[in-house]
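Student: Handing you a structure now.
Shown next, in the form of structure tokens:
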């Protein structure tokens, strides 16, 4: 089966199975994450109290952990939920938002990757580098670094070191399981004008992880769903519209995405 | 006065009195809840710290308690605010989001209905059943159960048992005070593609409860405001639009709703 | 240089420098605050844990403190972040949301202005009056008081008393450093139909404060960015649209705002 054909199947599978995607995430972009999961066909649930996260994740198809607005209360819930998910074989996805911005974020992220086995970790180049102990410039939650060919190598090395699928998003996107690297070239700069497009991408990755054991493919599917929908939203934007309507149209396009879009529009290259 | 005429008066009353609706709610859909209350003509205020909830609810016209992302800190605030509201005769509305998903939610919801007298409890069929000690399948925060005629009976029995108005929303909606049942048939499946349409409905119910003592009517008005606006938003959706624009148009339609819409469009039946 | 020319330069400066604006804010309007900062050209970051706020604010260009959903945990983080910002010469902006609604809000706001030196405080007339120890009617988070000429005097006196720039927004807006008062007359009533337009204005003020030491000008620029964009959004609203699309178009217009708009559309008067 061609890789494009596999993405099509994955999208169908999401719409059919409606995976329950448990999120422990930040309060800034949480509503957009819920709506994007619904738009692609999944079922989001947000729960972060330590008294219920183990029960919630037990009925979920996947768990998304996002440290965007981490605090001491929710960190413990993340660890507890992640460990339970690991025990039950439920895939866990990490978004290490702004991991380079403060020591507290870095310590937390390092604790999480030590205590939890992640199926996929998605971040920008700086975030992934920092997580892997490489040097990187970070400013707040946005990466200053321009994505270069270097990202391909970073994805591969980090995936091997962290024993997980690593997804680096930016102008181009790189997904690796430590052996293969998929290079994805869809997207639009307009995606950087809306908050939470990174978080939403991670939530989409989590949704696809809920219906397959091929986490490399799931990560790529999540990224392509966002980047292709971003392109389509941008193409429909009228002269009178800006980042407000772009955000609305982005959800529209994820909602309307068809399996065929991966064939027609997806720019996907597998390399080694 | 005809029932349709009463809804019209209720909407006018909201726009005139601008009731202050105090929310202790989840961080996922809170912004939409605030905007929907403003759209219908009310004035939302969100406050959940135990040091201020009693003072805040004292100046409010109604209180909405929503357990969507409950935690140990806010649960105590819910109880305290609810008790104060009861003492002052301010109506309290409960949304037992995902009550069947975890034991912690169930315990919390049961504690709330034990310690607080609610004017209205609004949920889907599974949530209401669980609250009443009946068996029900629940998956995350969404009900898997198809609404059947059974819902009419459940609404009535639960309203009697819980000594409150019970509103069950789904394909059809059922509102009962334990004697009468109102069957409401507006709506569109599109409402299930956006997060928080249930929460927003509860916030609308809370808004109407702020201007009348007829909580059965207020519950029905809140539900109809959402379901009729959903229909209208769906009708205006263009080929190029999906769930993103639907959500935006939904707020538009609540904002533009007129008393006449209840007459022209409302599908309302009172049964016993 | 004319004052209009200065606003133009300020907007250019934001787009060029992309100031990092650290927020400790409420969970109701936080997403809109992030998107409005991005729309004008800044870079928002939200972080409220006491273990990281000092580190985060140290790399920021400005700090916005908003007490919309204050709680005991975040209040301590506000104080800590504010003090560090003061030490580093990073401007701090306060939004005393609903300060008159509960004693807890008032105590907190008074503690904040005692322990932190603010560059700008932005609120409605009632909020500013209460902060200054004047009598004012407040209902929830919205001001009931109609803005009169009295606001001009209040802005000036409070700015002098509190030793900061004070910005009072309403039908007309008044910004003062204790000597000069700027009277701004743009805007539309439609801005009151959307939650968070006050918070977003404060975030815009914070963004401009990140690129200039002229906080009077920065406050006026933030207010004008919102009020002029509100006007433009309202003008583009179609018959079929309401407060949902107005909110989306508002972000569009901030995104599309040009320096020339301050000349063409800005209604700005400096008085003494």
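Chains as they are written, first to last, in the UniProt record's numbering: chain A, 1 to 272; chain B, 1 to 272; chain C, 1 to 272.
The beta carbon of each residue, even a glycine, is placed where N, CA and C say it ideally should be.
Classify residue 249(A) as buried or exposed, calling it buried when 16 or more other Cβ atoms lie within 10 Å of its own Cβ.
Tutor: buried
Student: Should residue 215(A) be flagged as near chain C, meaning a C-beta pair shorter than 7 Å?
Tutor: With 7 Å as the cut-off, residue 215(A) does not count as an interface residue toward chain C.
Student: Quick one, are the C-beta atoms of residue 66(C) and residue 25(C) less than 7 Å apart?
Tutor: yes
Student: Within a Cβ cutoff of 7 Å, which residues of the same chain sit near residue 85(B), ignoring the five residues on either side of it in sequence?
Tutor: 57, 63 and 92
Student: List the residues that DSSP assigns as beta-bridge partners of residue 19(B).
Tutor: In DSSP, residue 19(B) forms no bridge with anything.
Student: So the candidates are 172(B), 61(B) and 181(B); which of them puts its Cα closest to the Cα of residue 165(B)?
Tutor: Residue 181(B) holds the alpha-carbon nearest to the alpha-carbon of residue 165(B) among 172(B), 61(B) and 181(B).
Student: Rounded to whole angstroms, what's the CA-CA distance from residue 156(C) to residue 98(B)? Just pull it up for me.
Tutor: 51 Å
Student: Less than 8 Å between the CB atoms is what I'm expecting for residue 244(B) and residue 252(A), so what's the real figure, rounded?
Tutor: 4 Å
Student: For residue 174(A) versus residue 152(A), is the C-beta spacing smaller than 7 Å?
Tutor: In this structure, residue 174(A) sits near residue 152(A), with a CB-CB distance shorter than 7 Å.
Student: Whole angstroms are fine: how far does the CA of residue 120(A) sit from the CA of residue 168(A)?
Tutor: 11 Å
Student: If we cut at 7 Å on Cβ distances, does residue 255(C) have a partner in chain A?
Tutor: yes
Student: So residue 37(A) and residue 60(A) are in contact, right, with Cβ under 8 Å, and what is the actual spacing, rounded?
Tutor: At roughly 12 Å, the Cβ-Cβ gap does not stay under 8 Å, so residue 37(A) and residue 60(A) are not in contact.
Student: Find the residues of chain B that neighbour residue 163(C), judging by a C-beta separation of less than 9 Å, and give them in chain order.
Tutor: In chain order: nothing, as chain B lies at least about 28 Å away.
Student: Contact check, residue 29(A) vs residue 199(A) under 8 Å by CB: the rounded distance?
Tutor: About 4 Å separates the CB atoms of residue 29(A) and residue 199(A); that is less than 8 Å, so the two are in contact.
Student: What is the DSSP secondary structure of residue 104(B), reduced to helix, strand or coil?
Tutor: Note: residue 104(B) maps to helix in three-state DSSP.
Student: Can you list, in chain order, the residues of its chain with a C-beta nearer than 6 Å to that of residue 219(A)? Leave out the 5 residues immediately preceding and following it.
Tutor: 120, 165, 167, 175 and 205
Student: Looking at the structure shown, is residue 49(C) part of a helix, part of a strand, or coil, going by DSSP?
Tutor: coil
Student: Using a Cβ cut-off of 7 Å (strictly closer), state whether residue 31(B) contacts chain C.
Tutor: yes
Student: Does the count of Cβ pairs from the stretch 5-22 of chain A and the stretch 4-20 of chain B closer than 8 Å reach three?
Tutor: no
Student: Figure out for me which residue from 260(A), 234(A), 136(A) and 123(A) has the closest Cα to the Cα of residue 159(A).
Tutor: It is 123(A) whose Cα lies nearest to the Cα of residue 159(A).
Student: Cβ of residue 271(C) less than 7 Å from any chain A Cβ?
Tutor: Chain A contact via Cβ: absent.
Student: Along the chain, where does the beta strand (DSSP E) containing residue 165(C) start, and where does it finish?
Tutor: 165-168
Student: Would the beta-carbon of residue 308(C) fall within 7 Å of that of residue 186(C)?
Tutor: There is no way to answer for residue 308(C), as the model of chain C reaches only from 1 to 272.
Student: Between the alpha carbons of residue 126(A) and residue 100(A), how many angstroms are there, rounded?
Tutor: 7 Å
Student: Where do the N-terminal and C-terminal ends of the beta strand (DSSP E) with residue 208(B) fall, by residue?
Tutor: It is not in any beta strand (DSSP E) - residue 208(B) instead sits in the alpha helix (DSSP H) that spans 197-209.
Student: Could you name the residues of the stretch 31-48 of chain A whose beta carbon sits closer than 9 Å to any beta carbon of chain B, in the order they occur along the chain?
Tutor: 31, 33, 34, 35, 37, 38, 39, 43, 44, 45, 46, 47 and 48
Student: Leaving out the 5 sequence neighbours to the left and right, which residues in its chain are closer than 7 Å to residue 276(A) when beta-carbon positions are compared?
Tutor: Lying outside 1 to 272, the shown extent of chain A, residue 276(A) is not represented and no answer is given.
Student: Listed from N- to C-terminal order along the chain, which residues in the stretch 231-259 of chain A have their beta-carbon within a distance smaller than 8 Å of any beta-carbon of chain B?
Tutor: 236, 247, 248, 249, 250, 251, 252, 253, 254, 255 and 256
Student: Excluding sequence positions up to five away, which residues of its chain have a Cβ less than 7 Å from the Cβ of residue 271(C)?
Tutor: 181 and 183
Student: Per the DSSP calculation, residue 177(C) is bridged to which residue(s)?
Tutor: Answer is none; residue 177(C) lacks a bridge partner.
Student: Based on the DSSP secondary-structure assignment, which residues constitute the bridge partners of residue 24(C)?
Tutor: 65(C)
Student: Counting only beta-carbon separations shorter than 7 Å, does residue 226(A) have a partner in chain B?
Tutor: no
Student: Roughly how many angstroms lie between the CA atoms of residue 71(C) and residue 2(A), to the nearest whole one?
Tutor: 53 Å
Student: How about residue 179(A) and residue 132(A): do their beta carbons lie closer than 7 Å?
Tutor: No. Outside cutoff.
Student: Verify the CB distance criterion: does residue 64(C) have a CB-CB separation below 7 Å to chain B?
Tutor: no
Student: List the endpoints of the continuous alpha helix (DSSP H) containing residue 150(C).
Tutor: 150-162
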